[in-house]
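Residue numbering for the sequence shown follows UniProt numbering, beginning at 1 and increasing consecutively.
Just so you know, even glycine gets a beta-carbon here, dropped at the ideal spot from N, CA and C.
Step one of this worksheet: look at the structure below.
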Amino acid sequence: MALSEKNAAANGRSNYIGSVVSQMRCKKARELVAKELEAHLDDQKEAFIQEGMDPEKAMAESIRQMGDPVSVGADMDRIHRPRPDWKMIALIAVFSLAGILIQYFAAAALDADGAALMAPSSLALRQICYTASGLLAMTAVYFTDYTVVGRYSHMLWWGLFILLFLCALFCPPANGVNSYIKVYSYLFIPLFGGILYRAKGGGWKDLFLCFSYAVSALLPVTFAGNSLRTAFSLGVIFWIMILIAVYKNWFSINRRLLFPAALAIPVPVFAAWLILAFRLDWIAEYQKARIHAFFRFIYDPEGISYLSAAIHELMNGWHMVGGSSEAIGGMIPGISYDYIMTFLFTAWGILPGLAVVGGYGLLFWRAVFLSLSQPNRLGLFVGLACCLALGEQTVCYLASNFGFILLSPVSLPFLSFGFHTAVVTYIMIGLLLSIHRYKDIAAEPQIKRWARE
């Protein structure tokens, strides 16, 4: 092909694509559409060349068949634009308002019984501030392209690791647990989705690095945060995410060999760690007692058994609608933080409590739907990671509030009292909304695997 013919064909293609993307209002989508149009025109041109056309005429015919650039651009503008998920936003608004109201009524009930630690108006005002802070964090994440989780996952990972290290140094633990580390460590979960995405297509070295990242996240939680419960939860979620990645054949390793290994190996490794932790006194005595309670279903007589017995005693007096909060404050400590659902079923009744549980079911169904409907694998994986993180917290919280206190609750998304729990919850919700917002705008990032950088 003569150089002049190449230039003419290239100029014709560039001018057409420029005319199309100039009709699009979303600047971020223009690059994606331009690449798609360029590939389509080149493919069509090659097809015409195979039929005997010269290159310049082949490109001209490809452009002609594509259609009027203004009309095509208008169609692309309608398709490739930010898409807020109003159903999910409405659910978040309802839960945010419910969290404020429930905290107020719980404090009012405790105040009437003389067991409140804070005036209802003061507690509600604080919850409003915490919720507003969470919404601000959610908004910031929502308008940020979620693909940064894939592009900068390793930098964000170690940034969070350093933050938790600083928390261990400067934030004193309460009751032997550093709550800051326990709560913010859940942000490792969506970042792990980015870590796995960067390893996509790799071999054993890449898989080993993924395991190394997962283990590194457990260290600050276990030894600085003194929360074996959180470390166990994170480990299980990381394991599930690795199994999903292996099942989807993300690694260039024989899946028939790798999947059974990934499924079975963590169990003996965890058992070996437990034996060493007990023999070498890596963990405190109260942590050993909790491990015994978890595996033997025997509760700590000075703490967990009392709570379980108290909750079951309250459950015997539950009504379908209505109830009483009398003496609940004296029986169950930390209602605003750890046992808000126990309060709801006791003070308001079974049907109102089930309505709230059903609301969580609807919320998570929508979150999983948003994740599975993503056109690229990074969005799908980060979305599922957020669902796993929030779902694990919700399930463990509900189980403990019904008296099954094998894993102590961390927080209940939206309804638990606290600044840090609100921020982490809304950051994950912001990620889910961002994934949906940019699904027709952001292309799947092409990332060089960090294992080979």
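Item                                                                                                            : Value
Enclosing alpha helix (DSSP H) for Pro190 [first to last residue]                                               : Phe188 to Arg198
Distance CB(Trp204)-CB(Ile265) smaller than 8 Å                                                                 : no
Endpoints, the alpha helix (DSSP H) within which Cys386 is located                                              : Arg377 to Asn401
Where the alpha helix (DSSP H) containing Gly134 begins and where it ends                                       : Pro120 to Tyr142
Residue range of the unbroken alpha helix (DSSP H) whose run includes Tyr360                                    : Ile350 to Leu372
With 16 other Cβ atoms within 10 Å as the buried cut-off, status of Val215                                      : exposed
Pairwise C-alpha distance: Cys129 and Ala93                                                                     : 15 Å
Sub-8 Å separation of Ser96 and Phe414 beta-carbons                                                             : yes
Arg256 beta carbon less than 8 Å from that of Val246                                                            : no
Leu156 versus Ile189: straight-line alpha-carbon distance, rounded                                              : 12 Å
Straight-line gap, Leu123 to Ala137 (C-alpha atoms, nearest Å)                                                  : 21 Å
For Tyr20, the three-state DSSP class (helix, strand or coil)                                                   : One detail in the question is off: residue 20 reads as Val in this sequence, not Tyr. Helix.
The stretch 387–407 touching the stretch 365–374, judged by at least three CB pairs closer than 8 Å             : yes
Same chain only: Cβ atoms within 7 Å of Glu51, ignoring 5 sequence neighbours per side                          : none
Integer-rounded CB distance, given that Lys45 should sit under 8 Å from Met66                                   : Going by Cβ atoms, the distance from Met66 to Lys45 rounds to 11 Å, so no, they are not a contact pair.
Pick from Arg229, Leu351, Tyr180 and Ala385 that is closest to Gly323, judged by C-alpha positions              : Leu351
Straight-line Cα distance separating Leu378 from Tyr438                                                         : 12 Å
Buried or exposed (CB count within 10 angstroms, at least 16 for buried), Asp85                                 : buried
Simplified DSSP assignment, three categories, for Ser408                                                        : coil
Own chain partners of Ala217 with C-beta closer than 7 Å, once the 5 adjacent residues on each side are dropped : Ser185, Phe188 and Leu234
Collapsed DSSP secondary structure at Pro413 in the structure displayed                                         : coil
C-beta contact flag for Ile55 and Ile49 at 8 Å                                                                  : It is Pro, not Ile, that sits at residue 55 in the sequence shown. Cβ atoms of Pro55 and Ile49: closer than 8 Å.
Short Cβ contact (8 Å threshold) for Gly150 with Gly194                                                         : yes
Best match in Gly359, Gly358 and Trp318 for proximity to Thr342 [C-alpha to C-alpha]                            : Trp318
DSSP-derived helix/strand/coil call for His319                                                                  : coil
Phe238, enclosing alpha helix (DSSP H) - first and last residue                                                 : Leu228 to Tyr247
Continuous alpha helix (DSSP H) stretch holding Met59: start and end                                            : Pro55 to Met66
Beta-carbon proximity check, Ser371 vs Ile441, cutoff 8 Å                                                       : no
Lys45, DSSP secondary structure in three states                                                                 : helix
Cβ-based burial, Trp158 [other Cβ within 10 Å; buried from 16]                                                  : exposed
Whole-angstrom C-beta distance between Ala224 and Leu164, which should lie under 8 Å                            : 7 Å
Phe345 versus Leu362, His312, Pro375 and Leu363, residue with shortest Cα-Cα distance                           : His312
CB contact flag (Met331, Ala310, <8 Å)                                                                          : yes
Residue range of the alpha helix (DSSP H) that includes Ile427                                                  : Phe419 to Arg437
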